[in-house]
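Peer 1: Below you will find the structure I want to go over with you.
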Amino acid sequence: MLDNLTGRENILLPTSLHGVSETESSQRLKQLADYLEISDVLDKFPSKMSGGQRQRVAAARALILHPQMI
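1 is the number of the first residue of the sequence shown in the UniProt record's numbering; add one for each residue after it.
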């Protein structure tokens, strides 16, 4: 996770690199944030998150592109 980006920015980074539309990215972000219960940390920087929250943000980042394998 990049320390100078918020949780939201960290999660959305792969979608911007792969050209996913903003609408689709936002929908995927909402689904993952709800599922992983990280909606409250999306606007926080990693230094302000607990270890578990950082892990869940990293998991969301890994899952946002719907990979076949992690």
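Even glycine gets a Cβ: it sits at the ideal position worked out from N, Cα and C.
Quick caveat, the model's predicted, so the values are computed rather than measured.
(1) Specify the secondary structure class of K44 as computed by DSSP and reduced to three states.
(2) Of all the options Q68, V57, I70 and T23, which has the alpha carbon lying nearest to the alpha carbon of T6?
(3) Can you tell me where the alpha helix (DSSP H) with T23 in it begins and where it stops?
(4) Could you compute how far the alpha carbon of R28 sits from the alpha carbon of I64?
(5) When we look at the beta-carbon of L12 and count the other beta-carbons within 10 Å, is it buried (16 or more) or exposed?
Peer 2: Working from what's here:
(1) Position 44 of the sequence shown, counted from the start, is the residue given in the question as residue 44. If DSSP states are grouped into helix, strand and coil, K44 belongs with coil.
(2) Numbered from 1 along the sequence shown, position 6 holds the residue referred to as residue 6. If you compare the alpha carbons of Q68, V57, I70 and T23 with that of T6, the shortest gap goes to V57.
(3) Taking the first residue of the sequence shown as 1, we reach residue 23 at position 23. Element bounds for T23: E22 to L36.
(4) For the purposes of this step, residue 28 is taken as residue 28 along the sequence shown, with counting starting at 1. For the purposes of this step, residue 64 is taken as residue 64 along the sequence shown, with counting starting at 1. Each residue's alpha carbon lies about 6 Å from the other.
(5) What you label residue 12 is simply residue 12 of the sequence shown in a count that begins at 1. Here L12 is buried. Its C-beta has 16 or more other C-beta atoms within 10 Å.
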